[in-house]
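S.K.: Those letters in the sequence shown? Residues 1 to 300, by this note's numbering. Just so you know, even glycine gets a beta-carbon here, dropped at the ideal spot from N, CA and C.
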Amino acid sequence: MHDGELTVDDTLTDRLLARDAPDLHGRPLRRVPAAGTVNTIVRLGDDLVARFPLLPTTEQQLRREAAALHEFAEATPFAAPVPVRVVPPSTDYPSAWSVQTWVPGRPADPLAHADAADLARDLGALIRALRAVDVAGRGFDGRGRGGVLADHDEWVAECLARSGSLFDVAAATALWSELRSLPSAEDVVMSHRDLTPFNVLIAEDGGTRLVGVLDGGDFGPADPALDLVCAWHLFDAPVREVLRDAVDVGTTTWLRGAAWAFQQAAGLGWYYERSNPAMSALGRTTMRRLLADADLRRLI
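Here you go:
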C-alpha cells in the first residue's frame, strides 16, 4: 500500500516476541485480516494483539499514542484497547511496535449498516462523551484533519485530479469550493479523529449496537465537527439525521463534518484502488453520499 512498507510474518513475530517480550512468547499467533492502512495486526492468544507499523515509527511516537489510548479508554463509554507495552526498533524490525488488549467485535459495514439507527444513537453518545473531556489547555496539534479546511486544498486538488473514473469530479470540485470556505471552529473539543467504519465495532453475533472503538491513539483536541465524519461514512440520509439529533449540532458544524468526510473520502478512493479495495470502496461510498446529500447539493 505504501512505498517502503515493512513486512512481518509469523517467524519474525515469534523471534521478536522471544527476544523483546519473552513473557508473551509462545502464545498462539493469528494474523488479523483488516482493512487498516497503518499496522500489521497479529493476535497473541485471546486477549492481546501486537501492532507492527507498516512504515518506520519511533518509540516516542508510539508512547505518545499509548498515552492517548489510555486517555481515550477512560473517556469512552464503550470498550477500547488499552496499551500494554511499547517495544523499541531493532535490526530485525526497524520500527517500534506495540502490544494492546484485544477488543472483540466486527467492524461496522458502510453499506449493511446504512440504516442502523441504534448504531447512530450509540455513536452520538460516544461523541458527546468525548466532548465532555477537558482539553486541559491543549489545542489542535496540526496533524491531519481537524484544523483549517482550506489548508487541505492542495491535497484535495490532487485527489480530484486522480478520481475521474470514481465519481463526478465536476460536482465534487464545486462542492469542495463551498465546503472549504466554511468558518473554522472557534474552539476545539476532544475527538477520536478517525471515526471510520473500520474503527467502529459491533457485536459479532449480530445486531447493530456499538460494542467497541479502535485506534484511539490520536485522541486529542480538534474541530468539534471532525468526529461527525462517521455520519457520511456509515449512514444514509435518514439515519444521518438520527446522529445529528443525538449530538445536537448546528448547521455550520454539521456542514464542516461533511467537509472533513469529503477530505478523507477524496483520498481513499484512488490511493487504495489497487492495494486496499475495502478502503477504496469506503471512499467511493462516502463521496456518493456527500454528492447526493440534499443540504450539500443546495450549496452548489
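Suppose the cutoff is 6 Å on Cβ atoms and the five residues either side in sequence are ignored; what does the same chain contact list for residue 65 look like?
M.R.: The answer, listed in chain order, is 217.
S.K.: Note down, in chain order, each residue of its chain lying with its Cβ closer than 7 Å to the Cβ of residue 57, except the 5 sequence neighbours on either side.
M.R.: The residues are 95, 96.
S.K.: Could you give the distance in angstroms between the alpha-carbon of residue 87 and the alpha-carbon of residue 4?
M.R.: So the alpha carbons of these two residues sit roughly 21 Å apart.
S.K.: For residue 125 and residue 151, I'd like the C-alpha separation in whole angstroms.
M.R.: Cα to Cα, residue 125 sits roughly 30 Å from residue 151.
S.K.: Grab the span of the alpha helix (DSSP H) containing residue 49 for me, first residue to last.
M.R.: Note, residue 49: premise wrong, no alpha helix (DSSP H); beta strand (DSSP E) at 48 to 53.
S.K.: Run through DSSP, which three-state label would residue 169 get?
M.R.: Note: residue 169 maps to helix in three-state DSSP.
S.K.: Span of the alpha helix (DSSP H) holding residue 147?
M.R.: Careful: residue 147 lies outside any alpha helix (DSSP H) and carries neither H nor E.
S.K.: Going along the chain, which residues of its own chain have a beta-carbon closer than 8 Å to the beta-carbon of residue 47, five neighbours each way excluded?
M.R.: Excluding sequence neighbours, residue 47 sits near 101, 102.
S.K.: Note down the Cα distance separating residue 71 from residue 149, rounded to an integer number of angstroms.
M.R.: Spanning the two alpha carbons is a distance of roughly 26 Å.
S.K.: Could you tell me the alpha carbon to alpha carbon distance between residue 234 and residue 9, rounded to whole angstroms?
M.R.: Computed Cα separation, rounded: 32 Å.
S.K.: Check for me: the alpha helix (DSSP H) holding residue 64 runs from which residue to which?
M.R.: Residues 59 to 75.
S.K.: When you compare the CB positions of residue 62 and residue 98, do they come within less than 7 Å of one another, or not?
M.R.: The answer is yes: Cβ separation under 7 Å.
S.K.: Looking at the structure shown, is residue 41 part of a helix, part of a strand, or coil, going by DSSP?
M.R.: Residue 41: strand per DSSP, three-state reduction.
S.K.: Between which residues of its own chain and residue 116 is the CB-CB distance below 6 Å, once the five residues before and five after are set aside?
M.R.: Taken in chain order, the residues that qualify are 208.
S.K.: Report the rounded CA-to-CA distance for residue 290 versus residue 245, giving the unit in angstroms.
M.R.: Going from the Cα of residue 290 to the Cα of residue 245 covers about 19 Å.
S.K.: Let me confirm a value: residue 60 is counted as buried when at least 16 other C-beta atoms fall within 10 Å, else exposed. Which label applies?
M.R.: Under this definition residue 60 is an exposed residue.
S.K.: Check this for me: beta carbons of residue 28 and residue 45, under 7 Å apart or not?
M.R.: The answer is yes: Cβ separation under 7 Å.
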